[in-house]
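Shown next, in structure tokens, is the structure this report addresses.
In the UniProt record's numbering, the protein residues as written are 1 to 177.
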């Protein structure tokens, strides 16, 4: 499998769960009646839908999103967390990103904590994640040593119930299992 195919797979995954306006992962997403997703920050200003969203930005159908900001159910937020959306752990930083982007964000975060001898605990999966998601995540960590996908030079793919792990080297992509 070529690198470009792996990158395309990751891009499709990210695009599917990112806000269609700001193209960023968010914990609080609002679903329109057309099933398109937009984050609260893009869609609402002072709890009222922005005039530019009278039509869905993807399908251009009118009045697809609620006029007033809805309460986002906790299970929807937990679902986003299970997918890998994380908030910056630094106090005062409200940036939300994919789990594999956290490490690079912490290097440049304006609210980063000064280095100390204390090792930070890595974020864990929410309790609401299904057991299969937790098992898959722990297997991935054991096999690859990280939950990063393409950026750590590996990609886990489930094909016909069989799990395959791919590792990218400088010149080729190898199937691990």
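Just so it is clear, CB atoms sit at the ideal spot from N, CA and C, and this is done for glycine as well.
If you follow the beta strand (DSSP E) that residue 96 is part of, which residue opens it and which one closes it? 96-98
Within its chain, find whatever has a CB closer than 8 Å to the CB of residue 119; leave out the 5 residues flanking it on each side and keep chain order. Here residue 119 scores only 46 on pLDDT, less than 50, and its place in the model is too uncertain to base an answer on.
DSSP state of residue 81 mapped onto helix, strand, coil: helix
Top-ranked residue by Cα proximity to residue 27, from 103, 73, 46, 90: 73
What residues in its chain sit with their C-beta under 6 Å from that of residue 12, if we drop five residues either side in the sequence? none
May I ask which residues mark the beginning and end of the beta strand (DSSP E) holding residue 34? Per DSSP, residue 34 belongs to no beta strand (DSSP E) and is neither H nor E.
Using only the alpha-carbon positions, how far apart do residue 88 and residue 45 sit? 23 Å
Cβ neighbour criterion (16 or more within 10 Å) applied to residue 25: buried
Relative to the alpha-carbon of residue 69, which residue among 31, 111, 75 has its alpha-carbon at the smallest distance? 31
Determine, using beta carbons only, whether residue 49 and residue 67 come nearer to each other than 8 Å. yes
Thinking just about the alpha-carbon of each residue, which of 97, 91, 20 is nearest to the one in residue 110? 91
Give me the DSSP bridge partner(s) of residue 44. 49
Just curious, the alpha helix (DSSP H) that residue 107 is in, first and last residue? 102-108
In chain order, what residues of the same chain lie with their CB nearer than 7 Å to the CB of residue 77, ignoring the 5 residues before and after it? 27, 28
When we look at the beta-carbon of residue 43 and count the other beta-carbons within 10 Å, is it buried (16 or more) or exposed? buried
Within 10 angstroms of the Cβ of residue 103, are there 16 or more other Cβ atoms? Answer buried if so, exposed if not. exposed
Kindly list the residues whose CB is nearer than 7 Å to the CB of residue 55, restricted to its own chain and excluding five residues on each side of it in sequence; keep chain order. 61, 62
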